[in-house]
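Novice: Numbering (our numbering), first residue to last: 2 to 288. C-beta atoms are modelled at their ideal positions from N, C-alpha and C, and glycine is treated no differently. Note that the structure is a prediction, hence the values are computed from the model and not measured.
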């Protein structure tokens, strides 16, 4: 009788300890999620204020810039019919074309800035991320082939369901693909294959933080990034390229974080670069 009671008590204690451990794990994960949400809210508020302060100025610059570009184009067309020496005409047209290229470049910088500084409005629906990645890869394949890059897609073995804005998610991933191609083009080692991979995963390990995530990996076999530079790549206007606004990766991070996800980079000089995106997953209830 006493042995039976003792066994029952021990069983209850063991169950209580196990339950307490599970509760501690759930509370810890909830605290981490709350911290991330608070940080995202604070960042969103600061960015919204930045957008209100600067978007008006950017528009004031962009409008006359467009006028300059249009008049440069008209002037170039007029020069074609002008009675000038051929060498002088060619010289003037080259200068005007140079002006038009700079106007286009500045216009692109302003567009990127307005997109980055403005508030992102999500229109989310449940989607299979496998399908989104496959559609994007199909769209990007000609650009990869033109650069001599082999593009590979590895979907998850099961539906990878998440509530996302497909247009914005594709934009975020496209920025990473473009960065990957640029990295591969800068690699002068002919023995290194030019490969770019899109992989979708649906981790299911019990107790792992990733069990409720859809994971997207964008990996290249490029030259990698120096650790001192890698820690700054998500900062606005930070770029290691001769051209570019330096807003592609910050915009990608904003889009991912607006979805309640996170993005990390794993890189090493000479070993390539991998961007890892984690998005909150949905249960596989879609048909």
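1. What are the start and end residues of each continuous alpha helix (DSSP H) run of 4 or more residues lying completely inside the stretch 218–284, in chain order?
2. Only counting the same chain, and skipping five residues up and downstream in sequence, which positions put a Cβ closer than 6 angstroms to that of residue 279?
3. In terms of DSSP beta bridges, what is residue 300 paired with?
4. Confirm, please, whether the CB-CB distance from residue 222 to residue 166 is below 7 angstroms.
5. Am I right that residue 121 and residue 259 are in contact with their C-beta atoms under 8 angstroms? What's the rounded C-beta distance?
6. Under three-state DSSP, which class holds residue 207?
7. If contacts are defined as beta-carbon pairs under 8 angstroms, then residue 185 and residue 169 qualify, I think. What distance do you get, rounded to the angstrom?
8. Below 6 angstroms CB to CB, which residues in the same chain sit around residue 250 once its five sequence neighbours on both sides are set aside?
9. Tell me whether residue 112, by its Cβ, gets closer than 6 angstroms to a heavy atom of the ligand GTP.
10. Considering residue 152, what are the terminal residues of the beta strand (DSSP E) in which it resides?
11. Between which residues of its own chain and residue 157 is the CB-CB distance below 7 angstroms, once the five residues before and five after are set aside?
12. Which residue's Cα is closest to the Cα of residue 173: 149, 225, 254?
13. At 4 residues or longer, and completely inside the stretch 166–207: list those alpha helix (DSSP H) runs for me, N to C.
14. What residues in its chain sit with their C-beta under 8 angstroms from that of residue 66, if we drop five residues either side in the sequence?
15. Going by the CB atoms, is the gap between residue 248 and residue 219 shorter than 7 angstroms?
16. Pull up the DSSP beta-bridge partners for residue 216, would you.
17. When the distance is taken between beta carbons, is residue 94 closer than 7 angstroms to residue 73?
18. Am I right that residue 289 and residue 142 are in contact with their C-beta atoms under 8 angstroms? What's the rounded C-beta distance?
19. Got a sec? Which residues, its chain only, sit under 8 angstroms from residue 134 by beta carbon, not counting five neighbours each side?
20. Below 8 angstroms on the Cβ atoms is my contact criterion, and I expect residue 182 with residue 146 to pass it. Report the Cβ-Cβ distance as a whole number of Å.
21. Does residue 275 pass the burial test, meaning 16 or more other C-beta atoms within 10 Å, or should it be called exposed?
22. Apart from the five residues on each side of it in sequence, which residues of its chain come closer than 6 angstroms, Cβ to Cβ, to residue 195?
23. Straight-line CA distance for residue 176 to residue 137?
24. With DSSP as the reference, label residue 158 as helix, strand or coil.
25. Would you call the CB atoms of residue 225 and residue 268 closer than 7 angstroms?
26. When DSSP labels each residue in this structure, what does residue 103 get in the three-state scheme?
27. Determine, using beta carbons only, whether residue 70 and residue 40 come nearer to each other than 7 angstroms.
28. I'd like to know whether the C-beta atoms of residue 227 and residue 270 end up nearer to each other than 7 angstroms.
Specialist: Short version:
1. Runs of the alpha helix (DSSP H) inside the stretch 218–284: 228–231, 249–259.
2. In the chain shown, counting from the first residue as 1, residue 279 sits at position 278. For residue 279, where only same-chain residues beyond five positions count, the Cβ hits under 6 angstroms are 214, 216, 262, 263.
3. Summary: the structure shown does not reach residue 300, with the chain confined to residues 2 through 288, and so no result is reported for it.
4. By 1-based counting over the chain shown, the position of residue 166 is 165. By 1-based counting over the chain shown, the position of residue 222 is 221. Not in contact: residue 166 and residue 222 (Cβ atoms no closer than 7 angstroms).
5. Counting from 1 along the chain shown, the entry for residue 121 is found at position 120. Counting from 1 along the chain shown, the entry for residue 259 is found at position 258. Cβ-Cβ separation between residue 121 and residue 259: approximately 5 angstroms, consistent with a contact (criterion under 8 angstroms).
6. Stepping through the chain shown from its first residue, residue 207 is reached at position 206. Annotation note: pLDDT 37 at residue 207 (below 50); position unreliable, no value reported.
7. The residue you call residue 185 lines up with position 184 of the chain shown. The residue you call residue 169 lines up with position 168 of the chain shown. Actually they are not in contact, since the Cβ atoms of residue 185 and residue 169 sit about 25 angstroms apart, beyond 8 angstroms.
8. Counting from 1 along the chain shown, the entry for residue 250 is found at position 249. Within the same chain, residue 250 has close Cβ partners 234, 235.
9. This structure lacks the ligand GTP, and indeed carries no ligand of any kind.
10. On the chain shown, residue 152 is found 151 positions in, with the first residue counted as 1. Residue 152 -> beta strand (DSSP E) spans 151–155.
11. For the purposes of this step, residue 157 is taken as the residue at position 156 of the chain shown. Excluding sequence neighbours, residue 157 sits near 131, 201, 202, 203.
12. Locating residue 173 in the chain shown gives position 172, where the first residue counts as 1. Closest option to residue 173, Cα to Cα, is 254.
13. The DSSP assignment places complete alpha helix (DSSP H) segments of no fewer than 4 residues inside the stretch 166–207 at 167–187, in order along the chain.
14. Walking along the chain shown from the start, residue 66 turns up at place 65. Shown here for residue 66: same chain residues with a beta carbon closer than 8 angstroms to its own, the five before and five after excluded, namely 104, 107, 108, 111 in chain order.
15. For this step, residue 219 is matched to residue 218 along the chain shown. For this step, residue 248 is matched to residue 247 along the chain shown. No, they are not a contact pair.
16. Along the chain shown, one-based indexing puts residue 216 at 215. Answer by DSSP bridge pairing, in chain order: 202, 279.
17. Sequence index remark: in the chain shown, residue 73 carries index 72 (1-based). Sequence index remark: in the chain shown, residue 94 carries index 93 (1-based). Annotated as distal: residue 73 and residue 94, with beta-carbon spacing of 7 angstroms or more.
18. Absent from the structure is residue 289, since the part of the chain shown begins at 2 and ends at 288.
19. In the chain shown, residue 134 corresponds to position 133, counting from 1. Taking residue 134 as the centre and dropping the five residues before and after it, the same chain places the C-beta of 154, 156, 174, 199, 201, 217 closer than 8 angstroms to its C-beta, in chain order.
20. For this step, residue 182 is matched to residue 181 along the chain shown. For this step, residue 146 is matched to residue 145 along the chain shown. About 10 angstroms; that fails the 8 angstroms criterion.
21. On the chain shown, position 274 is the one that residue 275 refers to. By the Cβ neighbour-count rule, residue 275 is buried, with 16 or more other Cβ atoms within 10 Å of its own.
22. Residue mapping note: residue 195 aligns to position 194 of the chain shown, counting from 1. Excluding sequence neighbours, residue 195 sits near 149, 150, 185.
23. Numbered from 1 along the chain shown, position 175 holds the residue referred to as residue 176. Numbered from 1 along the chain shown, position 136 holds the residue referred to as residue 137. Each residue's alpha carbon lies about 11 angstroms from the other.
24. Locating residue 158 in the chain shown gives position 157, counting from the first residue. DSSP, read as helix, strand or coil, puts residue 158 in coil.
25. Residue 225 sits at position 224 when you count from the first residue of the chain shown. Residue 268 sits at position 267 when you count from the first residue of the chain shown. Yes, they are a contact pair.
26. Translated into the one-based positions of the chain shown, residue 103 becomes position 102. Note: residue 103 maps to helix in three-state DSSP.
27. Here residue 70 is taken as the residue at index 69 of the chain shown, counted from 1. Here residue 40 is taken as the residue at index 39 of the chain shown, counted from 1. Contact annotation: residue 70 and residue 40 have beta-carbon atoms that are not nearer than 7 angstroms.
28. Taking the chain shown and counting its residues from 1, the one referred to as residue 227 is at position 226. Taking the chain shown and counting its residues from 1, the one referred to as residue 270 is at position 269. Contact: yes.
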